[in-house]
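What follows is a set of notes on a single structure, which appears directly below.
Number of protein chains: 2
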Amino acid sequence: MKQVLIDTKSKTYKVFIDARLRFTIGTLLESIVTQPVSSVFVVTDSVVAPLYLDDVVGSFEQKLPIHTEVIPSGEASKSFSVYENVMTKALECGLDRKSVIVALGGGVVGDLAGFVAATYMRGIRFVQVPTTLLAHDSSVGGKVAINHPLGKNMVGSFHQPEAVFYDTETLYSLPEKEWRSGFAEVIKHGFIRDQRLLSWLQKEVSSFNDIPVQIVNDLLEQSLAVKANIVAEDETESSVRAYLNFGHTLAHAIESELGYGEVTHGEAVAIGMIYALKLSEKTFKVDLEVEKYEQWFQLLGYKTQIPSHLQPVQLLKKMQSDKKAEAGTIRMVLLRELEEAILLEIPPNSIKELLDEQLEVE
Amino acid sequence: MKQVLIDTKSKTYKVFIDARLRFTIGTLLESIVTQPVSSVFVVTDSVVAPLYLDDVVGSFEQKLPIHTEVIPSGEASKSFSVYENVMTKALECGLDRKSVIVALGGGVVGDLAGFVAATYMRGIRFVQVPTTLLAHDSSVGGKVAINHPLGKNMVGSFHQPEAVFYDTETLYSLPEKEWRSGFAEVIKHGFIRDQRLLSWLQKEVSSFNDIPVQIVNDLLEQSLAVKANIVAEDETESSVRAYLNFGHTLAHAIESELGYGEVTHGEAVAIGMIYALKLSEKTFKVDLEVEKYEQWFQLLGYKTQIPSHLQPVQLLKKMQSDKKAEAGTIRMVLLRELEEAILLEIPPNSIKELLDEQLEVE
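Protein sequences, first through last, are from chains A and B.
To convert, take the position in the first sequence, counting from 1, and add 2; that gives my numbering.
To convert, take the position in the second sequence, counting from 1, and add 2; that gives my numbering.
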């Protein structure tokens with residue numbers, strides 16, 4: 003079993019990585035908590051529930067009260083109404099301040115159940131049990147949130163989990179599209195902090211069909227080590243944590259313009275990273291070998307150009323109303339070189355110019 | 003201008019106390035922030051808005067964007083739907099991470115606007131501008147929350163304000179009932195931590211008609227000093243902060259059984275304190291002079307007995323489902339003697355017995 007230590011200002015906890023970990027979550031949880039657990043509330047979604055809910059519930063001691071809640075699968079569940087429903091269920095089940103919430107699923111479940119944990123009776127403990135590759139990123143670092151019709155993740159908190167239990171076997175029930183989506187965040191960690199990881203990935207991964215579980219365990223460990231490193235330095239995104247936004251400023255705009263679900267998060271981040279690399283080359287007059295990465299991305303099935311039916315001027319507008327924006331300016335993460343991220347305010351006309359260049363030609 | 007320093011683990015800030023302070027809030031805020039303010043969002047209610055909103059808005063520099071939102075007055079506004087509405091307004095106004103929310107009003111406004119600040123983009127700054135005596139307690143310490151139909155303050159966070167601006171002149175627009183409600187929390191602080199305050203109050207305050215503003219400034223300063231002392235020791239209620247719950251276990255049950263609004267919070271707390279004093283005398287076989295306090299309470303217009311139409315068995319049930327309860331047990335704050343609070347698990351039959359004794363006889 004691999005372990006990555008997450009050492010933030012407000013809490014220190016571990017990510018446990020191993021195939022078939024879901025069968026021992028109850029025992030592991032018991033071994034890590036310092037305060038007794040009065041009851042457990044497993045929140046999962048309609049896709050994950052039939053696959054893994056019984057395994058997780060079965061991993062707990064029979065005498066501990068266990069309640070479960072299944073939310074509809076998909077981003078639409080990160081809503082005020084599902085949030086309120088899960089709160090109601092938690093109260094009806096009689097959860098108290100010693101209860102623990104288990105978030106079993108992808109990023110949507112983790113974000114929603116984490117926000118419930120952050121705000122139920124002003125905060126109770128929770129653990130993340132990610133079942134997607136993409137969630138490796140969101141399950142660590144304590145960012146929890148729901149969406150507002152006017153913007154993604156606009157309502158949320160920082161609330162660190164007690165632990166993250168990563169059963170890599172569960173990833174093998176994911177469709178290829180989901181592997182691709184999650185892998186983009188792994189690549190991102192390479193770009194901003196770990197060249198060695200980036201080179202290793204290019205050597206080991208040229209398709210998403212049957213990556214050996216050994217490789218998956220390794221890449222998760224390394225990718226999470228980057229994340230751990232960054233949130234240890236900056237838990238609440240006042241400095242270096244912003245670097246994790248590499249590729250995301252344009253990605254959020256693309257997702258929002260296309261409508262969530264039309265493109266996966268990672269697919270949008272891939273386009274955003276190529277954009278950010280190109281902008282970095284222009285800005286700092288350096289050669290980051292964008293073409294090489296573009297080819298690798300394409301080999302892995304990513305699109306690297308902005309879909310032709312999107313309007314650059316609309317994307318620009320969305321980028322200006324990003325959560326990280328201040329008073330309409332656009333601040334983006336660029337690379338001076340590999341591993342050297344920097345947060346920079348970019349003039350709108352430079353943004354727009356490059357959007358036009360990267361637009362797919364029909 | 004009086005100042006009380008609140009020094010918690012997560013933040014250090016001041017309570018400023020003075021008559022007519024509302025006219026200088028903008029200037030004061032500017033002097034205390036360490037990060038620039040991009041815009042201001044004043045949240046207030048329909049009773050306070052016509053009285054003081056213009057004064058507060060006028061206290062800010064003209065070039066700073068100021069937005070306002072008026073919610074309906076009353077406890078019903080601490081709901082999911084008002085929370086969502088205020089979030090929507092905040093997004094529509096384009097608040098960003100450098101914006102500051104001003105909570106102008108009583109405890110309802112403070113709790114709601116504070117919870118919005120705690121969760122807007124994962125947390126932005128806010129200041130409390132209490133306009134009631136009761137809010138002197140809730141405005142300090144960072145507890146923010148909304149209600150759920152299944153329980154009061156069940157959804158919330160800990161989020162400390164940047165400052166508390168207490169304009170004591172605004173208290174003079176309060177009806178006597180509201181003075182009485184707030185004063186109960188002042189008395190509570192005396193009981194659990196400051197005998198001297200308690201004696202001084204008995205000497206100085208025998209009615210709520212025209213207490214001189216000098217006395218009000220003094221009693222706020224002393225009462226807040228107790229609160230400051232406690233939250234400095236324990237920000238998130240893992241130990242001594244629970245003492246602030248003195249009188250509240252029964253009070254919450256009474257409020258909930260009567261329906262919120264039928265009795266003020268402080269009126270319920272007064273009954274709850276007499277109950278807790280009596281239970282303390284029984285439990286520790288000490289003489290706390292309950293009769294003396296009962297007489298003073300009655301002189302001030304408090305009821306000290308449980309309204310006769312309430313059912314002790316129902317109250318007991320509510321006390322067992324309190325947020326502080328764990329797995330159905332009742333934990334109450336008692337006094338070994340004045341200033342010596344202790345949190346104790348009490349057997350349900352002892353609770354019930356004393357409820358019967360303190361029930362008003364028709």
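All residues carry an ideal CB built from backbone N, CA and C; glycine is no exception.
CB contact check: residue 265 of chain B to chain A, cutoff 8 Å: Taking the second sequence and counting its residues from 1, the one referred to as residue 265 of chain B is at position 263. No, because no Cβ of chain A sits closer than 8 Å to the Cβ of residue 265 of chain B.
By the three-class DSSP mapping on this structure, what secondary structure does residue 337 of chain B have? What you label residue 337 of chain B is simply residue 335 of the second sequence in a count that begins at 1. Shown here, residue 337 of chain B sits in a strand according to DSSP, grouped into three states.
Do you know whose CA, among A:252, A:124, A:337, lies nearest residue 160 of chain B's CA? Position 158 of the second sequence, counted from the start, is the residue given in the question as residue 160 of chain B. Nearest of A:252, A:124, A:337 to residue 160 of chain B, Cα basis: A:124.
Report yes or no: do three or more beta-carbon pairs, one from the stretch 234 to 246 of chain B and one from the stretch 264 to 277 of chain B, lie closer than 8 Å? The stretch 234 to 246 of chain B, when compared against the stretch 264 to 277 of chain B, does not touch it at the 8 Å Cβ threshold.
Proximity test, Cβ basis, 8 Å: residue 334 of chain B and chain A: Locating residue 334 of chain B in the second sequence gives position 332, counting from the first residue. With 8 Å as the cut-off, residue 334 of chain B does not count as an interface residue toward chain A.
For residue 179 of chain A, which residues from the same chain have a beta carbon less than 7 Å from its beta carbon, with the 5 sequence-adjacent residues on both sides left out? In the first sequence, residue 179 of chain A corresponds to position 177, counting from 1. Listed in chain order, the non-local C-beta contacts of residue 179 of chain A below 7 Å within the same chain comprise 266, local neighbours out to five positions each way being set aside.
For residue 143 of chain B, return the contacting residues in chain A, with the cut-off set at a CB-CB distance below 7 Å. Locating residue 143 of chain B in the second sequence gives position 141, where the first residue counts as 1. Chain A residues near residue 143 of chain B: none, gap ~11 Å exceeds 7 Å.
Under the DSSP definition of a beta bridge, which residues are partnered with residue 168 of chain A? Sequence index remark: in the first sequence, residue 168 of chain A carries index 166 (1-based). Under DSSP, residue 168 of chain A shares a beta bridge with A:19.
What residue range does the alpha helix (DSSP H) around residue 37 of chain B cover? One-based indexing of the second sequence puts residue 37 of chain B at position 35. Looking at the DSSP string, residue 37 of chain B is not in any alpha helix (DSSP H), and its letter there is neither H nor E.
Using a beta-carbon distance below 8 Å, is residue 160 of chain A in contact with chain B? Walking along the first sequence from the start, residue 160 of chain A turns up at place 158. Proximity of residue 160 of chain A to chain B, defined by a Cβ-Cβ separation below 8 Å, is satisfied.
Starting from the C-beta of residue 207 of chain A, find all residues in its chain whose C-beta is less than 8 Å away, skip the five residues before and the five after it, and write them out in chain order. The count along the first sequence starts at 1 and reaches residue 207 of chain A at position 205. For residue 207 of chain A, where only same-chain residues beyond five positions count, the Cβ hits under 8 Å are 185, 213, 217, 221, 302.
Which residues mark the beginning and the end of the beta strand (DSSP E) in which residue 74 of chain A is found? Taking the first sequence and counting its residues from 1, the one referred to as residue 74 of chain A is at position 72. Element bounds for residue 74 of chain A: n/a, residue is neither H nor E.
Using only the alpha-carbon positions, how far apart do residue 318 of chain A and residue 335 of chain A sit? Along the first sequence, one-based indexing puts residue 318 of chain A at 316. Along the first sequence, one-based indexing puts residue 335 of chain A at 333. About 16 Å.
CB contact below 8 Å: residue 70 of chain A versus chain B: On the first sequence, position 68 is the one that residue 70 of chain A refers to. Using beta-carbon distances, residue 70 of chain A does not count as an interface residue toward chain B, since no partner is under 8 Å.
Using the Cα positions of residue 59 of chain B and residue 170 of chain B, report the straight-line distance between them to the nearest angstrom. By one-based count along the second sequence, residue 59 of chain B stands at place 57. By one-based count along the second sequence, residue 170 of chain B stands at place 168. A direct Cα-Cα distance of roughly 18 Å separates residue 59 of chain B from residue 170 of chain B.
In chain A, what lies closer than 8 Å to residue 153 of chain B by C-beta? Along the second sequence, one-based indexing puts residue 153 of chain B at 151. Result: 93.
Going straight from the alpha carbon of residue 147 of chain A to that of residue 202 of chain A, what length do you get? Walking along the first sequence from the start, residue 147 of chain A turns up at place 145. Walking along the first sequence from the start, residue 202 of chain A turns up at place 200. Cα-Cα distance, rounded: 33 Å.
Let me make sure I understand the geometry here. Which of B:239, B:96, B:236, B:188 has the alpha-carbon closest to that of residue 226 of chain B? Stepping through the second sequence from its first residue, residue 226 of chain B is reached at position 224. Looking at B:239, B:96, B:236, B:188, the one whose alpha-carbon comes closest to that of residue 226 of chain B is B:188.
8 Å Cβ cutoff met for residue 280 of chain A and residue 356 of chain A: The residue given as residue 280 of chain A occupies position 278 in the first sequence. The residue given as residue 356 of chain A occupies position 354 in the first sequence. The beta carbons of residue 280 of chain A and residue 356 of chain A sit closer together than 8 Å.
Under 8 Å: do the stretch 247 to 266 of chain B and the stretch 41 to 54 of chain B share three or more Cβ pairs, one atom per stretch? By the Cβ rule, the stretch 247 to 266 of chain B does not count as touching the stretch 41 to 54 of chain B, because fewer than three pairs are nearer than 8 Å.
Using the beta-carbon of each residue, which ones in chain B are nearer than 8 Å to residue 261 of chain A? One-based indexing of the first sequence puts residue 261 of chain A at position 259. The CB of residue 261 of chain A never comes closer than 8 Å to any CB in chain B; the least such distance is about 19 Å.
Check residue 132 of chain B in the structure and name its three-state DSSP category. Taking the second sequence and counting its residues from 1, the one referred to as residue 132 of chain B is at position 130. Under the three-state reduction of DSSP output, residue 132 of chain B falls in the strand class.
Give the straight-line distance between the Cα atoms of residue 298 of chain A and residue 157 of chain B, rounded to the nearest whole angstrom. Looking up residue 298 of chain A in the first sequence gives position 296. Looking up residue 157 of chain B in the second sequence gives position 155. When rounded, the distance between both Cα atoms is 47 Å.
Using the DSSP secondary-structure output, state which residues sit across from residue 14 of chain A in a beta bridge. Position 12 of the first sequence, counted from the first residue, corresponds to residue 14 of chain A. Answer is A:9.
Closest Cβ-Cβ distance between residue 184 of chain B and chain A: below 8 Å? Within the second sequence, residue 184 of chain B is the residue found at index 182, counting from 1. So no, residue 184 of chain B is outside the interface.
Select from B:121, B:115, B:312 the residue whose C-alpha is nearest the C-alpha of residue 132 of chain B. As a working note, residue 132 of chain B is residue 130 in the second sequence. Nearest option by C-alpha distance: B:115.
Buried or exposed, going by whether 16 or more other CB atoms sit within 10 Å of the CB of residue 315 of chain B? As a working mapping, residue 315 of chain B is identified with position 313 in the second sequence. Its Cβ having fewer than 16 others within 10 Å, residue 315 of chain B is exposed.
At a cut of 8 Å, does the stretch 25 to 38 of chain A reach the stretch 81 to 89 of chain A through at least three beta carbon pairs? Output reads no: the stretch 81 to 89 of chain A does not touch the stretch 25 to 38 of chain A.
Thinking just about the alpha-carbon of each residue, which of B:71, B:223, B:176, B:127 is nearest to the one in residue 366 of chain B? Any question about residue 366 of chain B goes unanswered here, given that chain B covers just 3 to 364.
Would you tell me roughly how many angstroms separate the C-alpha atoms of residue 140 of chain B and residue 306 of chain B, rounded to the nearest one? For the purposes of this step, residue 140 of chain B is identified with residue 138 of the second sequence, where counting begins at 1. For the purposes of this step, residue 306 of chain B is identified with residue 304 of the second sequence, where counting begins at 1. Going from the Cα of residue 140 of chain B to the Cα of residue 306 of chain B covers about 23 Å.
Length of the line joining the Cα atoms of residue 173 of chain A and residue 249 of chain B: For the purposes of this step, residue 173 of chain A is taken as the residue at position 171 of the first sequence. For the purposes of this step, residue 249 of chain B is taken as the residue at position 247 of the second sequence. If I take the Cα positions, the gap works out to 52 Å.
Alpha helix (DSSP H) runs wholly inside the stretch 227 to 292 of chain B, at least 4 long, in chain order: Entirely contained in the stretch 227 to 292 of chain B, the alpha helix (DSSP H) runs reaching 4 residues are, in chain order, 250 to 260, 267 to 286.
Residue range of the alpha helix (DSSP H) that includes residue 199 of chain A: Position 197 of the first sequence, counted from the start, is the residue given in the question as residue 199 of chain A. Note, residue 199 of chain A: alpha helix (DSSP H), 197 to 206.
Can you find a CB in chain A that lies within less than 8 Å of the CB of residue 125 of chain B? Taking the first residue of the second sequence as position 1, residue 125 of chain B is located at position 123. Yes, residue 125 of chain B lies at the interface with chain A (some Cβ there is under 8 Å from its Cβ).
Could you say which of B:308, B:10, B:126, B:296 lies nearest to residue 364 of chain B if we only look at CA atoms? Numbered from 1 along the second sequence, position 362 holds the residue referred to as residue 364 of chain B. Closest by alpha carbon: B:308.
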